[in-house]
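Colleague:
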Ligand SMILES: [Cu+2]
């Protein structure tokens, strides 16, 4: 009897302790989850030096904006708003390490070979090394983006869409220049 009386309050205490623990565990989790998300967002936007937004030219296999400038070494957020309405107008933005005309063709054709499972991004190591940054492939009406660090060296970098058949006409040039510095 004596031991039984001791056990019951002890179990009650355990149950209370467990409840208290559970309660105190869940509220800090919620408390930390929200601020950390906010912090990540503010950190991300704080780190971005420049946001560049590109769009296609109607339902053509062309970019509306065929040139943009960034400053050396800055963090660039590249947004592509696929404003096209034709279902075949899937687009991405693939930025190259140079503005070499032959490279457009190589990367464009390699993108076609890579296919949809690889998001039309070249799989060959030598060509992947020539890709500075790329957005995911976008469906008409979809917006995609990528954040990358601009090269430290001033120069010209081609960009193209690697959706099959688009590379030859869907091209532009990213200028890395001190003139673009804020
Ligand atoms: Cu395209």
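Residue numbers (this note's numbering): 499 to 680. Note that the Cβ used here is the ideal one computed from N, Cα and C, for glycine as well. Computed from a predicted structure; not experimentally measured.
1) I'd like to know whether the C-beta atoms of residue 654 and residue 641 end up nearer to each other than 8 Å.
2) Just the Cα atoms here: how many angstroms apart are residue 579 and residue 599?
3) Do residue 628 and ligand 3 come close, with the Cβ less than 7 Å from some heavy atom?
4) Is it the case that the CB of residue 563 approaches a heavy atom of ligand 1 more closely than 7 Å?
5) Can you list, in chain order, the stretches of the beta strand (DSSP E) that have 3 or more residues and sit fully within the stretch 568-649?
6) Under the criterion of a Cβ to heavy atom distance below 7 Å, does residue 589 qualify as lining ligand 1?
7) Where residue 675 and residue 594 are concerned, what is the direct C-alpha to C-alpha distance, given to the nearest angstrom?
8) Report the option in 637, 646 and 625 whose CA atom is closest to the CA atom of residue 568.
9) Three or more beta-carbon pairs under 8 Å between the stretch 598-612 and the stretch 561-575, yes or no?
10) Using the C-alpha atoms, what's the distance from residue 679 back to residue 666?
11) Under 8 Å, do residue 587 and residue 638 count as touching if we go by C-beta distance?
12) Flag this pair as yes or no: are the beta carbons of residue 592 and residue 660 separated by less than 8 Å?
Modeller: This is what the structure gives:
1) Contact flag unset, no.
2) 25 Å
3) Absent from the structure shown: ligand 3. Ligands present: ligand 1.
4) no
5) 573-579, 592-594, 629-632 and 641-647
6) yes
7) 16 Å
8) 646
9) Contact fails: fewer than three Cβ-Cβ distances are below 8 Å.
10) Spanning the two alpha carbons is a distance of roughly 31 Å.
11) In this structure, residue 587 places its C-beta atom within 8 Å of the C-beta atom of residue 638.
12) Taking 8 Å as the Cβ cut-off, residue 592 and residue 660 qualify as a contacting pair.
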